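Report on the following structure.
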Amino acid sequence: MKYIEAPLSEKDVRALKLGEIVAVTGPVCTGRDEVHIRALEYVDEGKEVPGCLNGAVLYHCGPIMKQIENGKWMVVAAGPTTSARMNKLEPRFIKEFGIRAIIGKGGMSKEVCNAMKEVGCVYLAATGGAAVTYAEGLSVASNVDWLDLGMPEALWQFNTNKLGPLVVAIDAEGNSLYEQVRANLKLD
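Using the working numbering, read the sequence shown as starting at 8 and increasing by one per residue.
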């Protein structure tokens with residue numbers, strides 16, 4: 008397993024190889040549909056967007072959180088969300104915020120792959136059903152924005168410690184393990 012340290016540079020991301028197994032240490036934020044919608048609306052309206060999105064490692068996840076002493080939040084479970092839900096929003100999101108890595112499950116569209124190639128972004132596949140394992144890599148939230156969207160839809164920020172294992176399933180050149188499987192099975 009290769010250990011990578013966020014924030015990631017474009018050079019770091021472009022060096023990752025398709026099929027490589029990695030774990031992330033450093034800042035990671037979560038964001039599903041509502042975070043994407045709100046952030047892009049804020050940009051369109053000239054409003055300030057939380058800085059954690061710039062150059063982010065973005066985890067498509069709706070974590071289950073528990074408030075602990077001092078008002079801090081601890082992760083109980085943090086399984087990946089099906090990333091295809093964000094296909095329509097993600098190309099612009101990647102370009103707008105310079106997203107460097109997306110963590111999720113199930114892959115993303117060709118349009119998203121093209122945006123990843125343009126910006127220098129990778130897709131790191133997380134295993135569905137491993138929510139407790141991924142929660143251990145996240146631990147305690149360092150911040151939360153937009154909690155009014157609800158716990159799973161809020162923009163949670165974490166200082167991760169070896170969040171993984173994750174598979175480089177779409178590299179920064181737009182190559183996709185999902186497309187390779189589809190081609191081998193002749194599903195098109």
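Cβ atoms here follow ideal geometry from the backbone N, Cα and C, with glycine treated the same way.
All values derive from a computational prediction rather than experimental measurement.
Check, Outcome
"Short Cβ contact (9 Å threshold) for Gly111 with Thr88", "yes"
"Enclosing alpha helix (DSSP H) for Glu154 [first to last residue]", "One point to set straight first is that residue 154 is Leu, not Glu, in the sequence displayed. Leu154 -> no alpha helix (DSSP H), and no H or E assigned at all."
"Simplified DSSP assignment, three categories, for Pro70", "coil"
"Host beta strand (DSSP E) of Pro172 (start-end)", "162-177"
"Own chain, CB closer than 6 Å to Tyr66, minus 5 neighbours either side, in chain order", "Val35, Thr37, Ile110"
"Cβ separation of Lys102 and Glu118, assumed to be a contact under 8 Å, to the nearest whole Å", "Contact flag wrong, Cβ pair sits at about 11 Å."
"For Met93, the first and last residue of its enclosing beta strand (DSSP E)", "First-last for Met93: undefined, no H or E at that position."
"Candidates Thr167, Glu180, Ala132, of which the one nearest Asn150 by Cα", "Thr167"
"Classification of Asp152 by the beta-carbon crowding that lies within 10 angstroms, buried from 16 upward", "buried"
"Cα-Cα separation, Phe104 to Ala122", "12 Å"
"Contact belief for Ser175 with Glu27 at Cβ below 8 Å, rounded distance in angstroms", "At residue 175 the sequence reads Val, which differs from the Ser that was named. With 8 Å as the limit, Val175 and Glu27 qualify as a contact, their Cβ atoms being about 5 Å apart."
"Residues that Met81 bridges to, as DSSP identifies them", "Lys73, Val147"
"Between the CA atoms of Lys193 and Trp80 - distance to the nearest angstrom", "46 Å"
"Closest Cα partner of Val31 within the set Asp155, Gly157, Asp19", "Asp19"
"Euclidean distance between Cα positions of Glu55 and Ala63", "16 Å"
"Rounded separation between Gly78 and Asp40 - CA only", "26 Å"
"Straight-line gap, Ala190 to Asp178 (C-alpha atoms, nearest Å)", "17 Å"
"Closest residue to Arg92 among Met115, Ile75, Glu76 (Cα-Cα distance)", "Met115"
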